[in-house]
Every structure is written in structure tokens, then in C-alpha cells.
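*Asks:* Numbering (UniProt numbering), first residue to last: 1 to 888.
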Amino acid sequence: MDSQILRAKLYVPRDRPDAVSRPRLYRLLDAGMQRELTVVSAPAGFGKTTLLAEWSRRSELPVAWVSLDERDAHPVRFISYLIAALGTIREGFGENTRTFLGSLHSQGELEPVLTAMSNEILEFPRDFALVLDDYHAADSDAVRGVLTFLLNHWPAPMHLVVAGRTVPSLPLSRLRARGQLAELGAPELRFTLEEAAEFLSRTMGLELADESVAALERETEGWVAGLQLAAHALRGREGGSRSAAAPEGSTRHVFDYLAEEVLSCQPEDVREFLLETSILEPLSAPLCEALTGRTDAWEVLEKLDRANLFLVPLDGERRYYRYHHLFAAFLRDRLRRTRPHEIPELHRRAGRWYEDDGCPAGAVEHLLAAGDFERAAALIEEETYAQRRYVEASLLLRWLRKLPNELVQLRPQLCLLYAWALVHSAGDLEEAERRLAEAESALNLDGSPPEDLSAEERTLLGETYIIRARMAAMREDAPLTIELSSRALELLPEDELHLRGDVALDLGHAYCSAGDLAAADAAFARATAAGREAEDLRTALFALRYRAALEISRGRLRKAEELLLEGQRLAESQPGETPSVAGIIHTGMGWLLYERGELDEAQRLLETGIAHGRRSGEAKILVYGYVNLARVLMVRGDAAGAHHLIREAGRLTPRWPLIWAWQARFHLAQGDVEPAARWMREYEATEDYLSYPRHFERITMARVTLAEGRSGEALDLIDRLLEGARSEGRSEHEIELLALRARALDGQGDRSEALISLKRALSLAEPAGFVSLFVEEGPPVAALLAALAREPQTGDSGAAHADYAGRLLEHFARKTSRGRTPGLAPLSEREAEILALVAAGRSNAEIARQLYLSVGTVKAHIHRIFGKLLVRNRSQAVARARELRLLG
1 MDSQILRAKL
11 YVPRDRPDAV
21 SRPRLYRLLD
31 AGMQRELTVV
41 SAPAGFGKTT
51 LLAEWSRRSE
61 LPVAWVSLDE
71 RDAHPVRFIS
81 YLIAALGTIR
91 EGFGENTRTF
101 LGSLHSQGEL
111 EPVLTAMSNE
121 ILEFPRDFAL
131 VLDDYHAADS
141 DAVRGVLTFL
151 LNHWPAPMHL
161 VVAGRTVPSL
171 PLSRLRARGQ
181 LAELGAPELR
191 FTLEEAAEFL
201 SRTMGLELAD
211 ESVAALERET
221 EGWVAGLQLA
231 AHALRGREGG
241 SRSAAAPEGS
251 TRHVFDYLAE
261 EVLSCQPEDV
271 REFLLETSIL
281 EPLSAPLCEA
291 LTGRTDAWEV
301 LEKLDRANLF
311 LVPLDGERRY
321 YRYHHLFAAF
331 LRDRLRRTRP
341 HEIPELHRRA
351 GRWYEDDGCP
361 AGAVEHLLAA
371 GDFERAAALI
381 EEETYAQRRY
391 VEASLLLRWL
401 RKLPNELVQL
411 RPQLCLLYAW
421 ALVHSAGDLE
431 EAERRLAEAE
441 SALNLDGSPP
451 EDLSAEERTL
461 LGETYIIRAR
471 MAAMREDAPL
481 TIELSSRALE
491 LLPEDELHLR
501 GDVALDLGHA
511 YCSAGDLAAA
521 DAAFARATAA
531 GREAEDLRTA
541 LFALRYRAAL
551 EISRGRLRKA
561 EELLLEGQRL
571 AESQPGETPS
581 VAGIIHTGMG
591 WLLYERGELD
601 EAQRLLETGI
611 AHGRRSGEAK
621 ILVYGYVNLA
631 RVLMVRGDAA
641 GAHHLIREAG
651 RLTPRWPLIW
661 AWQARFHLAQ
671 GDVEPAARWM
681 REYEATEDYL
691 SYPRHFERIT
701 MARVTLAEGR
711 SGEALDLIDR
721 LLEGARSEGR
731 SEHEIELLAL
741 RARALDGQGD
751 RSEALISLKR
761 ALSLAEPAGF
771 VSLFVEEGPP
781 VAALLAALAR
791 EPQTGDSGAA
801 HADYAGRLLE
811 HFARKTSRGR
821 TPGLAPLSER
831 EAEILALVAA
841 GRSNAEIARQ
851 LYLSVGTVKA
861 HIHRIFGKLL
871 VRNRSQAVAR
881 ARELRLLG
């Protein structure tokens, strides 16, 4: 029997010294050893064998290995290999089992053989793992019977690991219910961005920019084989290290791989199904049947899902799927090359299905792809103009840019939608003006007086004023915004709630710029009501966010929270997933939590809001998110990250002075006065400074003046600004100015007056719960708070001041304990882990073994730690870490 065993199949595959270490997966496999069965299943090229081989070498348990192939589907051969594999970790194993196997006359007599094997396994002196690699190749009824018997009569020392391209047809549900099953699939096996970067750099020898790595990881969805094939193509190109995305050559390699390994192995009817449905995302059974004419699409999708054929389920019920991005691209490429004439008809069928199903967005996408521009244009007008349904600006722009320009110019509604989308995405305002001119030309009103126009014509003309008012607001021209908005209101019918809500938003901003907060609040309240009544989600959510901003400026954080929670409930009440426009509420809540000092949750919500903003194309969501996330990063010591976000905000709204005022503040926080002073000199020379009472910008100028050492001038300016803030009810600015005044007075040596000013700030801030206004002031205010907390207190107000000062000092302490002080970049979780081991006296080799890293990777991490802590050696790093309380 042993003479028929190919010994090479029993060896763990050779070590690859340049392979990416995957400790997170090693830990999952280690945890699986507490259970009977571990299943590792994923499509071809996901690194299953490499992972298990590396884990086998690291495991504390003995590991028996079998690499299976098609010939092993026969039960006798399969059992023979099991016996041989177990013999590699226990000499003499299988003598009794071979006796039964040698006398076997039919498959029906397998039970005595398996009973003997199970009994021999029970004699193992310690636990071990048996890895069956490429199980899908040998899968058969007989082999399943062998494993099912072992699973039903489990020999305790053995832990079975089954790896393959498909989920094995074993009694998994029962094992899962009993907690005896561990599972790793494609989601776990995909490379993370960090792993992809290490693979491309260390394994493939490519030096790529961060954005190039991110593009490749995103395109391949962490598929190891896809990354490897793309890397081979990049290495073959001159200047490949500077490429920003996966090149055509890499895609060609991937396509060839998929053609050979996947598609050619499928039956003809499955290949037809894959090609015809490749134009879809997502896939559902009814939609697939509309395209293919089949009536069994559900069964086909289930079969593809079980076979791990690059099909990704999108919901828990597995009603919706999509193909892996590269697999979909491969199928579409094959469809284009072999049956190009069928593609328009497939898209038309999909478009009709979506239209009948009440999903106009899906219909528009496929109609545009089919070249049916007239029908696509009619649907866009019907849904986004006539029905007043909200469509993301970025999506609307993409649709409109696919339409022939001459078709757009003939339709005034499309021209207006084009201008609207350009304005809301902070696009080219000159192009928006051209589109408005085209709309007016298509309307052909010839200067007719308003009373001679139909209701539809008045509405269309009114909308041109609305869009121009929005453009004036973006240019920070409050008088023109008010004038154009008022003209729009004169033209719009009373029942045009959607458009009237838009006008109210613009008026609210204009009144804010003019310093009339009461009028602004009333305008935003009208916008909220109009948005709700018209079911215009965007207007309602934006208005609630702006009202919350006004409440924050008034020092009423609880009222602001109520408004934001109202917006959150409104967004969550919409059918389907959270609409991307809800990002305006996320960024607002993130700002509110930042003001309260809840940095972790603030950062999470701001990042969520930014993600929604990117999806929607709404520039304002992004700008508000970038600014407040930059504040979070700055407090945490990530100055580079904060400046990057401010530059991104400035790129979207270059004319908004507040953005550059924040940048000046960040320079001051780093002790870099010159660029802040340069900003002040430039801003003082602008028309904006002369025309508008920009409170935030003027407070920033007071900060610059103080930083330049002109404390007397700074105090004069602060006192004037304080008077204005009190008179207009801007409590947030009053608190900030009082804290700044305390700093200035303390800097002049007047500690007693400084503390009086600080107490006034605390009296205003404590009821609302402001925290970050004080933390942003840095060590000077922390010293004043400490002095206040040490003072003998008399009366309730004194005790309240001391208590609140103590709570604020806790926030300063937490900031310091994170090691994220200004000018010092934060450590990553991995760097913090390595730093703790360095402090414990571990060598690089010991750290590498403990963390499943190479020694070279450990050295690279330690080098980065030295740079971030501004030290030159291990002892200095440990000393600095203790000074910054990084070591617990």
C-alpha cells in the first residue's frame, strides 16, 4: 500500500522567506484548534495553502498534511493518504487500520476500517492537526462519507482542517450549532491594506506610492493572486513604481488567469449565465432571469455561491449578490470580445426591468449604457425634476455628462439640473453659469414680464435665481444672495415647497453672514418645515444641521443635540440603507461630541460623515467633516493630518475665509507664528475683511497678535470682540474669547485677573458641557485651570469652578497620556505594541517571534518609532515613552 503513496503530497509546502506574515489569521487558526473542524474556503488565488503552511510551521501542535488531487476521490486511496499523513507525526500509526483496509471488498465495508482508524487516533499522546489541502479536488460522496463518519465519532486528539475552493458538503450546520466549527472565508483571507503594502514591497519588490497601493488593493479587493499578477505586470514596465493604479497589463494577466482557472472549468450553461449577467451589479434572481430568459436563476446563483465562484453576497438572506470586481471586469471583457452585438440589448432588458420595478436610478444607468439617450433623459427629468426626488450631485453629473450635449441644450430642465449639480458639488461655477444661460435660451421667454408667464415658466425662471443665489452664497456675497433669493420667492408658486426650502437655506446663510442669528434661525426653521412637507430629505437635513450650528454658537449644546437627533431619526426613517446625504448630520454630531471632549466617538462620526459626503458628492458635507476632523487630529497631535484635511477643505471651497483661518490656528498650535501672521496680513487686505463681520476670522487675528507678543493690542481686540459676542448672544465665541483673554492676562503677569476671566468662561461653559474650547488653548490654560483647582474655594460657585476645572484637567491628562502632543506624530497600534516589548528588554528577534513578524519588519517599525519620538536609540525611546506615559 505504501508503495502507492506519493510522499511529496505529505510535506508541508516549503517556506517562503518573503511571504507576508499574517498574525491575525494565525490567531484565528490557533483558536480553531479548540474545536473539531476548521474550514478554510475561498476562490483560487486567495493564499489558502500559503497561510496554512506558514501556520503549520508556527503551530505548537504537530501537523499532518495531505495535498489532495482528483485521484484521491476514491475512498481506499483517500484513507491510505490519511494513514500515511498521520504516520509522519507518529511512527507506526495505522497498522490495525491497514489490516482492515487490505481485506476490504466493497465500499459498503468502510465502517470497520474507519472504526479502526478512529481507535488508533485515540491513542495519540497529544493533540494534533490534520490538514487536508485542496479538498475540493477530491470531493466525492465516498470521501464525504469518510469524513462524516470521523466527525460523528470524533477521536478527541485530532483537529481537522479542510481547505479548498468550495465549502465542503459536510454536516457543518450541526457542528456550527454546537460551537465545534471554525470558518475562514474570502472576507478573512483578503489582504488588508497594510498586508497588501507589505506584499507589494517585500514579496514583489515594488516601491509604490501609498495611493498606488490603495488603488491596487481596492481594485483586487485584497485577492492575493490578483495583486501578484498586477505586481508582475508593473515590474515589467519602466517607471512602474510611480504608477497610480493597476495598469492594463496587470489586468490582462488577471484575465488570463481567470480564463484558465475558473471559466474554462464551468459547464456551458453556467458560462452563458456568467457572461450575460456580467453587466449587472447587483445581481438578483428576477433580474438575472429578465436578462437570460431562464427560470432557474435562483438555483444558479446558489450553486455559484456554494462553489465560491467569485460571487459576493450583499445581504444576510443572500437575495442580492455581486461578482468580485476583477472577475466582473474579466467577464465583461470576454463578453465584449465574443458577443459585442448583444450588449446593448442586455442593457435595454435591464433598464426595462428596473423601470418596471420602480427603480429609476438603475434604469437610467442601463439605458445610458445601451445608448438609449432619449429615454434616459426623460427618466432623469421625470425623477429628479418633475418628482423632485433627491439625487446625489455626483451621480447626476455622471449621468448628464454621458448624454449628448446637443440633447441637454434643448431641454431647459436638464440644463437647470446640470447647473444645480455643478453648484452642489463645488464644481466649475463658470460652467454652471453657461448651463443657466442655456436653460434661459431654451425657455425662450424674451424678457416677458412675470405676470405673462405660466406657472411652469415662473417656476423654471425662479429656479435660475435660486441657483444664482447659491452661487452668490458660495462667493460669500450676502447682499446679492438675499436679493436673488427674494426675486426667486416672488416668482415661485406657494406650493413649490421643494424650491422654497432651497431659498430658505440660502437666506439663512446670508443672514448668518450679516450677523442676524435670529433671522437666520427663522429661515432655517422654514427650510426644515418645507423639506419635511415636500419630503425633500436634503433640505430638511441640511436645515436641521444649520439650526444645530446656530445653537452651538449660542452655547446650547443640548438643544443642538436634539436637532441633530431629529435629523438622525429622519434619515433612519428612509427605506433602504442610510442615505448619503445623512452625512451632514454625522458631521454635525461629530462636531458636537468634539466640543464635549468625546474624541473617539467624534472621530468615528466625522469619518462616517466624510465617507457619506464622498459618496454623495456634496461638497459641504466634506468641508464640514474635514474641518472638524482636522480639529480632532490637531488635539491628538497629528498636525500633518490636520493640515492635509484643511487643504482638502480649501480645495473644495477656496473662497471661504474660515478654512484658511483654521489653517492659521493650526500653525499657531505648533508654535509656527510666521505663516499665521502672513495669513493675517493677507486677509486684512481683502474686500471680505472690510465688508463682513467675520467673527471667527477676527478672533483668529487676535490669536496671531497675541502670538506675536503684542499682548496689549491683542487684549484691546479681544475686549471689542467680547462686547460684540455678548450683544449678539454668541456664547461659544464669548467663552473662547474669555479663555483667550485669560491667557493674555496671565502672559502679562496678571494671574488674578486671568483667573477672574477664566472663571467667567467656566460659568458659561459648564452648563453646556464645553470641553475642547479649553483643551485647544493648550498648556497655558491648563496651568490656569490647575491654579484654579488648587485655590481655596468659598461658596457654591467657587466649588463648581474647581470641580469643572478638575474635569477639564482630566481631558488634558488623557491627551498627554496618548502621547499625541503637538509636533509629535501618534504611534500606530503595532508601533505601541513593539515599543512595550522594547521597554521590556526584548531583542528584535524575540519581538519578531512573538508578533509573527520578520526581523526586518521589526527593525523598520523601531526606526519609525525613533523618528516619531525624536530619539536615536532604544534607551532614549523608552525614556521618552515613560515621560509621555505611553507605557501604561
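Think of the CB as a built atom: it goes at the ideal place given N, C-alpha and C, for glycine as much as any other residue.
Residue range of the alpha helix (DSSP H) that phenylalanine 199 falls in?
*Replies:* Unbroken run through phenylalanine 199: none, as it is neither H nor E.
*Asks:* Where does glutamate 54 sit, in a helix, a strand or coil, going by DSSP?
*Replies:* helix
*Asks:* Relative to the C-alpha of glutamine 670, which residue among Leu633, Gly769 and Glu195 is closest?
*Replies:* Leu633
*Asks:* Which of the three DSSP states, helix, strand or coil, is assigned to glutamate 238?
*Replies:* Residue placement at glutamate 238 is poorly supported in this model, since its pLDDT is 44, which falls under 50; the coordinates still yield a value, given next. Residue state, collapsed to three classes: coil.
*Asks:* Which of the three DSSP states, helix, strand or coil, is assigned to serine 118?
*Replies:* helix
*Asks:* Relative to the C-alpha of glycine 87, which residue among Glu123, Ala761 and Ala802 is closest?
*Replies:* Glu123
*Asks:* Using DSSP bridges, identify the partner residues of serine 67.
*Replies:* Asp133
*Asks:* Can you list, in chain order, the residues of its chain with a C-beta nearer than 7 Å to that of serine 854? Leave out the 5 residues immediately preceding and following it.
*Replies:* Ser21 and Ala848
*Asks:* Say whether the stretch 394 to 413 touches the stretch 634 to 653, bearing in mind that this needs 3 or more beta-carbon pairs closer than 8 Å, one atom from each stretch.
*Replies:* no
*Asks:* If you measure between the beta carbons of leucine 492 and leucine 499, is that distance less than 8 Å?
*Replies:* yes
*Asks:* Does the stretch 193 to 200 come close enough to the stretch 220 to 228 to have 3 or more Cβ pairs within less than 8 Å?
*Replies:* At 8 Å Cβ cutoff, the stretches touch.
*Asks:* Take the Cβ of serine 394 as the centre, count every other Cβ of all protein chains shown within 10 Å, and call the residue buried at 16 or more, exposed below.
*Replies:* That one is buried.
*Asks:* Can you list, in chain order, the residues of its chain whose CB lies under 6 Å from that of residue 922, leaving out five sequence neighbours each side?
*Replies:* In this structure the chain extends from 1 to 888, so residue 922 is not present and cannot be described.
*Asks:* Taking only runs that begin and end inside the stretch 446 to 483, name each unbroken alpha helix (DSSP H) of 4 or more residues, in chain order.
*Replies:* 455 to 474
*Asks:* Which word fits glycine 45, buried or exposed, when buried means at least 16 other C-beta atoms lie within 10 angstroms of its C-beta?
*Replies:* buried
*Asks:* I'd like to check one pair, leucine 184 with valine 146: are the Cβ atoms closer than 8 Å?
*Replies:* no
*Asks:* Please state the DSSP three-state secondary structure of valine 20.
*Replies:* coil
*Asks:* Within 10 angstroms of the Cβ of asparagine 444, are there 16 or more other Cβ atoms? Answer buried if so, exposed if not.
*Replies:* exposed
*Asks:* Take the Cβ of asparagine 628 as the centre, count every other Cβ of all protein chains shown within 10 Å, and call the residue buried at 16 or more, exposed below.
*Replies:* buried
*Asks:* Once DSSP output is grouped into helix, strand and coil, what is the label at glycine 145?
*Replies:* helix
*Asks:* Identify the continuous beta strand (DSSP E) that holds tyrosine 11 and give its terminal residues.
*Replies:* Counting along the chain, tyrosine 11 falls outside any beta strand (DSSP E), and DSSP gives it neither H nor E.
*Asks:* In terms of residues, what are the limits of the alpha helix (DSSP H) holding valine 364?
*Replies:* 360 to 370
*Asks:* Using 8 Å as the threshold, is the C-beta distance between arginine 558 and threonine 528 below it?
*Replies:* no
*Asks:* From glycine 47 to glutamate 221, what does the alpha carbon distance come to, in whole angstroms?
*Replies:* 14 Å
*Asks:* Kindly give me the distance between the Cβ atoms of alanine 370 and proline 344, rounded to whole angstroms, as I take these residues to be in contact under 8 Å.
*Replies:* 5 Å
*Asks:* Is histidine 324 buried or exposed, if buried means 16 or more other CB atoms sit within 10 Å of its CB?
*Replies:* buried
*Asks:* Would you tell me roughly how many angstroms separate the C-alpha atoms of valine 878 and glutamate 833, rounded to the nearest one?
*Replies:* Their Cα atoms are separated by approximately 13 Å.
*Asks:* Pop quiz: arginine 743 and glutamate 777 are said to be a contact at Cβ under 8 Å. What is the actual Cβ separation, rounded to whole angstroms?
*Replies:* 6 Å
*Asks:* In terms of residue numbering, what span does the alpha helix (DSSP H) encompassing residue 948 cover?
*Replies:* There is no way to answer for residue 948, as the model of the chain reaches only from 1 to 888.
*Asks:* Mind checking which residues open and close the alpha helix (DSSP H) that includes glycine 609?
*Replies:* 599 to 616
*Asks:* Going along the chain, which residues of its own chain have a beta-carbon closer than 8 Å to the beta-carbon of aspartate 521, five neighbours each way excluded?
*Replies:* Once the five neighbours on either side are set aside, the close Cβ partners of aspartate 521 are Gly508, Arg547 and Leu550.
*Asks:* Roughly how many angstroms lie between the CA atoms of proline 125 and proline 157, to the nearest whole one?
*Replies:* 8 Å
*Asks:* Pull up the DSSP beta-bridge partners for alanine 182, would you.
*Replies:* Thr38
*Asks:* Leaving out the 5 sequence neighbours to the left and right, which residues in its chain are closer than 7 Å to proline 13 when beta-carbon positions are compared?
*Replies:* Thr49 and Ala53
*Asks:* Once DSSP output is grouped into helix, strand and coil, what is the label at alanine 877?
*Replies:* In the structure shown, alanine 877 falls within a helical segment according to DSSP collapsed to helix, strand and coil.
*Asks:* Any idea what DSSP makes of isoleucine 324, helix, strand or coil?
*Replies:* Just to set this straight, residue 324 is histidine in the shown sequence, not isoleucine. In this structure, histidine 324 counts as coil in the three-state DSSP scheme.
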